[in-house]
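Novice: Can you keep this structure in mind? I'll have questions shortly.
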Amino acid sequence: MFFKQVQRHGDNFSYIIADDTTREAAVVDSSYNAGEITRIIKAENLKLKYIINTHGHSDHTAGNQELRSISTAKIVAHTLSRINPDIKVNDGDTLNIGAIPLKVIHTPGHTPDGICLLVNNQKLLTGDALFIGECGRTDMPGGNSKSMYNSLFHKILKLNDNIEVYPGHDYGSKPSSTIGEERRSNYTLEPRTLAEFIEFMNQP
Ligand SMILES: [Zn+2]
Numbered sequence: 002m003f004f005k006q007v008q009r010h011g012d013n014f015s016y017i018i019a020d021d022t023t024r025e026a027a028v029v030d031s032s033y034n035a036g037e038i039t040r041i042i043k044a045e046n047l048k049l050k051y052i053i054n055t056h057g058h059s060d061h062t063a064g065n066q067e068l069r070s071i072s073t074a075k076i077v078a079h080t081l082s083r084i085n086p087d088i089k090v091n092d093g094d095t096l097n098i099g100a101i102p103l104k105v106i107h108t109p110g111h112t113p114d115g116i117c118l119l120v121n122n123q124k125l126l127t128g129d130a131l132f133i134g135e136c137g138r139t140d141m142p143g144g145n146s147k148s149m150y151n152s153l154f155h156k157i158l159k160l161n162d163n164i165e166v167y168p169g170h171d172y173g174s175k176p177s178s179t180i181g182e183e184r185r186s187n188y189t190l191e192p193r194t195l196a197e198f199i200e201f202m203n204q205p
């Protein structure tokens, strides 16, 4: 599997995933990195099939149209996304690039349309739900601490400890981690009741 984390402009991370044999590829959150992504796609001779957004915030959807203009790729987002994607996905859906499954896990809280993508059952692209050592904020329009609690504790932390975590922003001490490492060291994931978590998130 070809897998590359791209950070060229600002603190947004973009991801390129491709099947080694078919060269089919997906980009997740093109952000402000479309130029560098285009360069890599050409250099690696990839066929861009999907442009996927973890949520509709403009710092993640930036670059969608630029990538679309150089390919026949479809834009993919959750059903609740405020952008109008070519393909709408829901919790549990799976997209395939070559032999690689990309499983959609709906993780609202930062926004209603937030999704994580489980790549080949090995790597979790967490968008703005979970960062290294931090979780996404819930005080922006559409944010919801109760939804974030369910997404973090009832979905993301249900995954195996060895799954790698790749966030949507470079906010941590390193660019990636694992579910187990975050479970042990991320202060936002310390055991809390729902009420305790909501109070925690409401602290200034
Ligand atoms: Zn966001």
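In my numbering, the protein residues as written are 2 to 205.
Heads up, the beta-carbon is just placed ideally off N, CA and C, and yes, glycines get one too.
From a predicted model like this one, the values you see are computed outputs, not experimental measurements.
My guess is that Glu45 and Phe3 are in contact by the Cβ rule of under 8 Å, so how many angstroms apart are they, rounded?
Specialist: Position 44 of the sequence shown, counted from the first residue, corresponds to residue 45. Position 2 of the sequence shown, counted from the first residue, corresponds to residue 3. Yes, they are in contact, since the Cβ atoms of Glu45 and Phe3 sit about 7 Å apart, within 8 Å.
Novice: Alpha carbon to alpha carbon, how far is Ile88 from Leu103? Give it in angstroms, no decimals.
Specialist: Residue numbering aside, residue 103 sits at position 102 when the sequence shown is read from its first letter. Residue numbering aside, residue 88 sits at position 87 when the sequence shown is read from its first letter. So the two alpha carbons sit approximately 14 Å from each other.
Novice: Hey, out of Phe198, Thr95, Gly36, Glu183, whose CA is closest to Arg138's CA?
Specialist: For the purposes of this step, residue 138 is taken as residue 137 along the sequence shown, with counting starting at 1. Among Phe198, Thr95, Gly36, Glu183, the Cα nearest to that of Arg138 is on Phe198.
Novice: Expressed to the nearest angstrom, what Euclidean distance is found between the alpha-carbon atoms of Pro86 and Ala78?
Specialist: The residue given as residue 86 occupies position 85 in the sequence shown. The residue given as residue 78 occupies position 77 in the sequence shown. C-alpha separation (whole angstroms): 6 Å.
Novice: Cβ of Ile116 within 8 Å of Cβ of Ser178?
Specialist: As a first step, residue 116 is located in the sequence shown; it is residue number 115 there, counting from the start. As a first step, residue 178 is located in the sequence shown; it is residue number 177 there, counting from the start. No. Outside cutoff.
Novice: Does DSSP put Ile76 in a helix, in a strand, or in coil?
Specialist: Position 75 of the sequence shown, counted from the start, is the residue given in the question as residue 76. Strand, per DSSP.
Novice: Bridge partners for Pro209 per DSSP, in chain order?
Specialist: No answer is possible for residue 209: the residues shown for the chain start at 2 and end at 205.
Novice: Ile18 and Ser31: beta carbons closer than 8 Å?
Specialist: For the purposes of this step, residue 18 is taken as the residue at position 17 of the sequence shown. For the purposes of this step, residue 31 is taken as the residue at position 30 of the sequence shown. No, they are not a contact pair.
Novice: Name the DSSP beta bridge partners of Asn97, please?
Specialist: Mapped onto the sequence shown, residue 97 falls at position 96. Pro102, per the DSSP bridge assignment.
Novice: Considering just the uninterrupted stretch of the beta strand (DSSP E) at Ser15, what are its terminal residues?
Specialist: Locating residue 15 in the sequence shown gives position 14, counting from the first residue. Run containing Ser15: 15-19, per the beta strand (DSSP E) assignment.
Novice: Can you tell me which residues fall inside 6 Å of ligand 1, judged by beta-carbon distance to its nearest heavy atom, and keep chain order?
Specialist: Any residue whose Cβ sits closer than 6 Å to a heavy atom of ligand 1 makes the list: His56, His58, His111, Asp129.
Novice: Which residue from Lys48, Thr62, Arg9, Asn91 puts its Cα closest to that of Gly128?
Specialist: To locate residue 128, count along the sequence shown from 1; it is residue 127. Taking only the C-alpha atoms, the option nearest Gly128 is Thr62.
Novice: Does the region 140-153 come within contact of the region 104-114, defined as at least 3 CB pairs closer than 8 Å?
Specialist: Contact holds: three or more Cβ-Cβ distances are below 8 Å.
Novice: Whole angstroms is fine: what's the gap from Ala100's alpha carbon to Pro205's?
Specialist: Position 99 of the sequence shown, counting from 1, holds the residue named residue 100. Position 204 of the sequence shown, counting from 1, holds the residue named residue 205. If you take the alpha carbons of Ala100 and Pro205, they lie about 45 Å apart.
Novice: Beta-carbon separation of His10 and Tyr33 under 8 Å?
Specialist: In the sequence shown, counting from the first residue as 1, residue 10 sits at position 9. In the sequence shown, counting from the first residue as 1, residue 33 sits at position 32. Yes, the pair counts as a contact, with Cβ atoms nearer than the cut-off.
Novice: Exposed or buried, Asn122, counting other C-beta atoms within 10 Å across all chains shown (16 or more means buried)?
Specialist: Here the question's residue 122 lines up with position 121 in the sequence shown. With fewer than 16 other Cβ atoms within 10 Å, it is exposed.
Novice: Would you report the Cα separation of Arg24 and Leu195, rounded to the nearest angstrom?
Specialist: The residue you call residue 24 lines up with position 23 of the sequence shown. The residue you call residue 195 lines up with position 194 of the sequence shown. For Arg24 and Leu195, the distance between alpha carbons rounds to 44 Å.
Novice: What does the alpha-carbon distance come out to for the pair Val29 and Asn97?
Specialist: For this step, residue 29 is matched to residue 28 along the sequence shown. For this step, residue 97 is matched to residue 96 along the sequence shown. Rounded to the nearest angstrom, the two C-alpha atoms are 14 Å apart.
Novice: DSSP on Ser178, reduced to helix/strand/coil?
Specialist: Numbered from 1 along the sequence shown, position 177 holds the residue referred to as residue 178. Strand, per DSSP.
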